[in-house]
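K.L.:
For reference, the structure I am asking about is given below.
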Amino acid sequence: INVLRNQAAQRFGGNAQQTAQLPRELFEAEATRRVQVGLLFSEVIKSNELKADEERAKAMIADIASAYEQPAEVVEYYSKNEELMNNIRNVVLEEQAVDAVLAKAQVTEKVSSFDEIMNPQV
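The letter at position 107 of the sequence shown is residue 107 when you use the UniProt record's numbering, and the numbering goes up by one with no holes.
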């Protein structure tokens, strides 16, 4: 909840003291959803015995670095900063978890009209 409050402060230009006064109820649903998603990712990672693919992490860093004038310096900066590397590894691990779920998903196609999709009969 505090993370969400801080994000709200950054987004709306407020300070932490002002956002600390916002009611918890404003953030509880999103905080709960984030925890649930995190637990799901953890279970997928654990059950599939996933480890962050270092080559994929390097590719992600190279992609990030390509937006800068001195990409080699950015790659070196990331490589020497363990916190940034762990953040990249976590993103890669989440992508691998999504890939694992998608690989096991069964898709059934159903043809629907625009009206059927926009006005479902409950």
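Each residue gets a CB set at the ideal place from its N, CA and C atoms; glycine is no exception.
1. Taking 8 Å as the threshold (C-beta atoms), are Val91 and Val44 in contact?
2. From Ala105, Ala97, Phe114 and Met118, pick the residue whose C-alpha is nearest to that of Leu39; which is it?
3. Which of helix, strand or coil does DSSP assign to Ser113?
4. Taking contact to mean 3 or more Cβ pairs, one atom from each stretch, closer than 8 Å, check whether the region 58 to 66 and the region 74 to 91 are in contact.
5. What is the rounded straight-line gap between the Cα of Glu83 and the Cα of Arg5?
6. Measure the Cβ-Cβ separation of Ala57 and Ile88 and say whether it is below 8 Å.
7. According to DSSP, simplified to helix, strand and coil, what is Lys104?
8. Starting from Lys58, follow the alpha helix (DSSP H) in both directions and report where the run begins and ends.
9. Check the C-beta distance from Phe27 over to Ile61 and give it rounded, since I have them as a contact under 8 Å.
10. Leaving aside the five residues before and after Pro23 along the sequence, list all residues of the same chain whose C-beta is less than 8 Å from its C-beta, in chain order.
11. Who are the Cβ neighbours of Glu95 in its own chain at under 8 Å, not counting the five residues just before and after it?
P.N.:
In short, the structure shows the following:
1. no
2. It is Ala97 whose Cα lies nearest to the Cα of Leu39.
3. coil
4. yes
5. Each residue's Cα considered, the two are about 23 Å apart.
6. yes
7. In the structure shown, Lys104 sits in a helix (DSSP, three-state: H, G or I).
8. Here the alpha helix (DSSP H) through Lys58 covers Glu54 to Ala65.
9. The C-beta distance from Phe27 to Ile61 rounds to 32 Å, too long to meet the 8 Å contact threshold.
10. Cβ neighbours of Pro23 beyond the five flanking positions: none.
11. Arg56
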